[in-house]
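Take a look at the structure set out below.
Residue numbers (our numbering): 1 to 334.
In C-alpha cells form, the structure reads like this:
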C-alpha cells in the first residue's frame, strides 16, 4: 500500500513503518512527524516493529529506529539497540554508540550482559560505551582493568575516560613493564595516569543536542529503484505528478509487458502534467513496433501545440523510428 505522504496521520504508526520498510514511503520530515508527533501510539508500534524479522525489507529502517528511540530518550528501545550492536560489535556506528551512551544507567545491565557474551577481541567498542556511560560501577572498572594486558593503549584511554583514580596503580605497573621501544605507548599511559591523578578526563568534543530533523530532508521522493515492476506499475496511477513521472521514467529502456505498455500509453496521451507525459513517451521507446504505440506517437509529433518538454520526451521515445523523415525532421528542429 502506497500511503499519501501528505496525509500520514490518517494511518497508524504501524502502517507508516511498514510502508517505509517496503519502500512505499520516503524517509523525510513527513515520515518523522507521523511518528514523533504521537509518541503514545508510535512508541509501542516502533518497539513491535523492531522485534520483527526485517531481513527481507526493501529498506533497512535500523538507522531510523536508532534515531527515533534516541530522540524519545526511550529506555524501551534499549533491547533493540543491544541486539543491533550484537550483530556486529566491532563496527558499531557512531549513532548507535551515542544513543546507548545517552541512555545512561538504564543501559548498564544489558551492556554488561552483552560484554559477557563477546570474546575479548570483539568487545572493545562495548567497553568504550561502558567507559563513557557516565555510571560508576565496580563491574565496569573490573572489565577495563582486565583489558589492560590485552590492549594497553586503548584501555589506558578508556580508563582515563572512566575517571576512577583507583585504576592508576594498574597503569603504573603496566608502564613499568614497557621497554625502550615503547616510547609512544609510555607517553599514552603517562597521559592517562596524569588525567586520573588530576581528576580531569580527556577533552571531548562539545556535545550538541541531538537534532533528528537535521538528518532528513523536508520531503523526498519514493525510492522507486528499490521497487519491483508491479509496484512501479502501480505508481503510474499515484496522485502526485512527481511520483507518476518518476515511475514512468523507471521503465525507460526496458521491455514492457502488455499491461505496462497500455498504462504508459494512457499516461502519455492523457496525463494533465507535461513532465509525466514526457517521461511516459520516453518509456515507450522499446514498444514502437506496436502499431497502436507508434501511431499514437506520430500523431502527437504532428501536434504543433505540443509543449517543448513533451516533444523532447516524445522524440526520445521515437529514436527507433529515426529512419522516418518526419522523425528526423523533428529531431533536427528540436
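Backbone N, C-alpha and C fix where the C-beta goes; we use that ideal spot for every residue, glycine too. Please read all numbers here as calculations on a predicted model, not as lab measurements.
Contact under 7 angstroms by Cβ, residue i with residue j
i	j	result
residue 287	residue 311	no
residue 74	residue 45	no
residue 105	residue 135	yes
residue 78	residue 85	no
residue 282	residue 252	yes
residue 317	residue 285	yes
residue 188	residue 153	yes
residue 170	residue 145	yes
residue 115	residue 101	no
residue 89	residue 56	no
residue 76	residue 47	yes
residue 330	residue 301	yes
residue 139	residue 112	yes
residue 224	residue 250	yes
Separation of residue j from residue i, as counted between CA atoms
i	j	result
residue 119	residue 142	16 angstroms
residue 41	residue 272	39 angstroms
residue 254	residue 4	28 angstroms
residue 293	residue 333	23 angstroms
residue 182	residue 147	18 angstroms
residue 349	residue 229	For the chain, the structure presents residues 1 to 334; residue 349 sits outside this window and is missing.
residue 62	residue 80	9 angstroms
residue 184	residue 191	11 angstroms
residue 193	residue 164	11 angstroms
residue 248	residue 226	15 angstroms
residue 259	residue 265	10 angstroms
residue 82	residue 95	13 angstroms
residue 291	residue 326	17 angstroms
residue 7	residue 304	40 angstroms
residue 212	residue 220	16 angstroms
residue 244	residue 256	17 angstroms
residue 197	residue 172	12 angstroms
residue 107	residue 215	24 angstroms
residue 195	residue 137	19 angstroms
residue 31	residue 322	45 angstroms
residue 199	residue 168	11 angstroms
residue 37	residue 103	21 angstroms
residue 33	residue 9	9 angstroms
Extent of the continuous alpha helix (DSSP H) to which residue i belongs
i	result
residue 72	62-72
residue 39	39-51
residue 29	29-36
residue 251	Neither: residue 251 is in no alpha helix (DSSP H) and is coded neither H nor E.
residue 84	78-87
residue 162	152-162
residue 232	229-234
residue 297	291-301
residue 113	108-117
residue 168	168-176
Neighbourhood of residue i by C-beta distance below 6 angstroms, restricted to the same chain and skipping five residues each side
i	result
residue 2	24
Residue i classed as buried or exposed, judged by whether at least 16 other C-beta atoms fall within 10 angstroms
i	result
residue 280	buried
residue 26	buried
residue 275	buried
residue 263	buried
residue 155	buried
residue 21	buried
residue 17	buried
residue 236	buried
residue 309	exposed
residue 19	buried
residue 64	buried
residue 35	buried
residue 289	exposed
7 angstroms CB neighbourhood of residue i in its chain, flanking five on each side removed
i	result
residue 218	28 and 29
residue 150	120
residue 99	66, 69, 70 and 81
residue 72	39 and 43
residue 319	285
residue 269	296
residue 174	148, 152 and 189
Interface flag, residue i vs chain D, CB-CB below 7 angstroms
i	result
residue 147	Absent here is chain D; the protein component of the structure consists of one chain.
Proximal residues to residue i (C-beta, below 8 angstroms), its chain only, five neighbours per side dropped
i	result
residue 222	2, 23, 24, 25, 26, 235, 243 and 246
residue 12	41 and 45
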